[in-house]
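Enquirer: My questions all concern the structure below.
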Amino acid sequence: MAIRNLIFEFRDVPGISNLDVWEKHGGYDGLKKAVAMERQTIVDEVKAAGLRGRGGAGFPTWIKWNGLPKNYDAPHYILCNADEGEPGTFKDRETLLKVPHALVEGMAIASLATYSRVGFIYIRGEYAEPAWQVRKAIDQAYAKGYLGKNILGSGHDFDLYIHMGAGSYECGEESALMSSLMGERGNPRLKFPHAPLPTVAGIWQAPTLINNVESYCAARWIIAHGSAEYAALGTERSKGTKIMSVSGHVAKPGNYEVEMGTPLMELLQAAGGVTNGRLKAVIPGGSSVQIMTAEQCEKINLDYESCSANGTLLGSGGMMAFNDLTDIVLLMRRTSEFYMHESCGKCTPCREGTRWLYKILDRICSGGGRQGDVELLLDVCSQIDGRSYCGLGDAACWPIAGAIKAFRHEFDYWIEHKRSPVGAQCVPPAFETINPALSLTAS
Ligand SMILES: Cc1cc2nc3c(=O)[nH]c(=O)nc-3n(C[C@H](O)[C@H](O)[C@H](O)COP(=O)(O)O)c2cc1C
Ligand code: SF4
């Protein structure tokens, strides 16, 4: 298992972001195959490969592709989610920067499979440099007939546009992304079963497919190389590879494409191992998922089923490692600050609850923790979880509840001793009203 480069096979080849070099390495062979295939055969290949969406939820890609109208009668659209706002995740950034043609080709294939004539790539505002690379790749693809009118003589037209976001985490949520793309405020919409799926009514109420960057790139590889080769990799329910963004206290942070099912500890070793101490904890799938202790990490494989069996999620693959000098409560304070800041404010549990979580954690970490604060945190989490309008609310409370489950003693230590169990500094309270009588320099 361990490293297996499919999407990143040619990542380090000089000039690979240019069309001529990309073509020399098999670029657009997948599209050439796809134009000779029936629409349904393309979808069936993606199904046989067992590809699941790489944006976080792991939803089977073929079901979405299959859900779009199987004719050209009315306009429908395909979208690429390149918002990549999940803390700890930077895989799409490197993909767009280094192998932009993999995405362009993947979306052209998806357009054939769904009879869509227009596609949009929604790129987060901060990703100016990656967006320029994609711009260049799109222009080159048009010039060579891979995009535009009558692609490779197939009779199929496909235009591809870039839309820049403005750096909002919430705009990575698919319905908020669609609102933002249409020029509306980046708020989410009602979800199925209370509203139609995007494949029925997405942007401008037209059927819309939305997939992550990595999902399109993996689909390209599947069509180019065949579903059997892809499905031979991974585990029973998690096929192929996953790009993991490894960061934190490791010697060699970066993006690693691994075969699904690779032991977490093996990837940690590949990333040079833990620095400045022993392994204390890992967040495997981006900041929204539950933190795991070092002991739990020994049992986790990087696939959907192993992560969920161990009480966490593979998520977006943003794997953050922490050494034993890390203060977990401070880490959660910072995490909750992020979710409070990114809450769009549309629904009460998330708008109010994320602020409460941050306030309580801020109180604890400034030396003002009270008996009962841990129970209060858990109570607030339970009031947000499952009661929010979109997934951001859940994402805000899972890490806190998870950290309390795994590291309850650290929260209790902070509250009892008014200082960090690992010697970290107290933080000045962000909210002045919180226990001003207490010294900030408790030690
Ligand atoms: C708050 C929030 C933020 C999200 N951010 C992203 C993101 O940045 N990129 C992404 O691909 N999916 C993100 N998602 C998941 C998308 O809603 C959607 O499931 C995904 O784009 C579907 O693509 P896939 O099927 O290829 O995974 C987010 C979800 C939530 C709830
Ligand atoms: S859960 Fe948060 S981000 Fe989602 S709609 Fe409610 S307030 Fe907005």
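In short: position in the sequence shown from 1, add 417, done, that's the working numbering. Just so it is clear, CB atoms sit at the ideal spot from N, CA and C, and this is done for glycine as well.
1. Given 7 Å as the limit, tell me if Ile861 has its C-beta closer than that to any heavy atom belonging to ligand 1.
2. Take Val452 and list the residues in its own chain whose beta-carbon comes closer than 6 Å to its own, dropping the five residues that flank it on each side.
3. Report the rounded CA-to-CA distance for Gly665 versus Asp720, giving the unit in angstroms.
4. Which of the three DSSP states, helix, strand or coil, is assigned to Lys487?
5. Under a CB-based cut-off of 8 Å, is Ala612 close to chain C?
6. Write down every uninterrupted run of the beta strand (DSSP E) in the stretch 461-541 whose length is 3 residues or greater and which is fully enclosed by it, in chain order.
7. Could you tell me which of Val691, Lys716, Arg768, Cys634 sits nearest to Ala527, measuring between CA atoms?
8. Taking all protein chains shown into account, do 16 or more other C-beta atoms lie within 10 angstroms of the C-beta of Lys697, making it buried, or fewer, making it exposed?
9. Could you name the residues of the same chain whose beta carbon sits closer than 6 Å to that of Ser655, not counting the 5 residues immediately before and after it, in chain order?
10. Run through DSSP, which three-state label would Thr771 get?
11. So, at 8 Å on beta carbons, what are the nonlocal neighbours of Arg456 in its own chain, with the 5 sequence-adjacent residues on each side left out?
12. Use the C-beta contact count for Leu436: other C-beta atoms within 10 angstroms, 16 or more gives buried, fewer gives exposed.
13. Whole angstroms are fine: how far does the CA of Arg750 sit from the CA of Pro846?
14. Exposed or buried, His758, counting other C-beta atoms within 10 Å across all chains shown (16 or more means buried)?
15. Would you report the Cα separation of Thr850 and Ala583, rounded to the nearest angstrom?
16. With which residues is Met737 paired in a DSSP beta bridge?
17. Rounded to whole angstroms, what is the Cα-Cα separation between Ala525 and Arg804?
18. Report the CB separation of Gly735 from Pro504 in whole angstroms; it is logged as a contact under 8 Å.
19. Where does the unbroken alpha helix (DSSP H) through Val746 begin, and where does it stop?
20. Apart from the five residues just before and just after Gly565, which ones in its own chain have a Cβ nearer than 6 Å to its Cβ?
21. Below 6 Å CB to CB, which residues in the same chain sit around Leu742 once its five sequence neighbours on both sides are set aside?
22. Indicate the three-state DSSP secondary structure (helix, strand or coil) for Asp811 in the structure shown.
23. Go ahead and pull the three-state DSSP assignment for Thr858.
Expert: Quick look at the numbers:
1. As shown, the chain starts at 418 and ends at 860. That puts residue 861 outside it, with no answer to give.
2. Leu569, Ser571
3. 21 Å
4. coil
5. Looking for chain C here will not work: only one protein chain is present.
6. 494-499, 535-540
7. Cys634
8. buried
9. Met677, Asp720, Tyr721
10. Residue state, collapsed to three classes: helix.
11. Lys487, Leu529, Ala530, Thr531, Tyr532
12. buried
13. 11 Å
14. With a 10 Å radius around the Cβ and a threshold of 16 neighbouring Cβ atoms, His758 comes out exposed.
15. Annotation note: pLDDT 48 at Thr850 (below 50); position unreliable, coordinate value reported separately. Their backbone Cα atoms lie some 33 Å apart in a straight line.
16. Ser664, Ile700
17. 38 Å
18. 7 Å
19. 745-759
20. Tyr559
21. Within its own chain, the residues whose Cβ lies closer than 6 Å to the Cβ of Leu742, once the five positions on either side in sequence are excluded, are Gly694, Val839, listed in chain order.
22. helix
23. Residue placement at Thr858 is flagged as unreliable, the pLDDT there being 35, under the threshold of 50; a coordinate-derived value is accordingly withheld.
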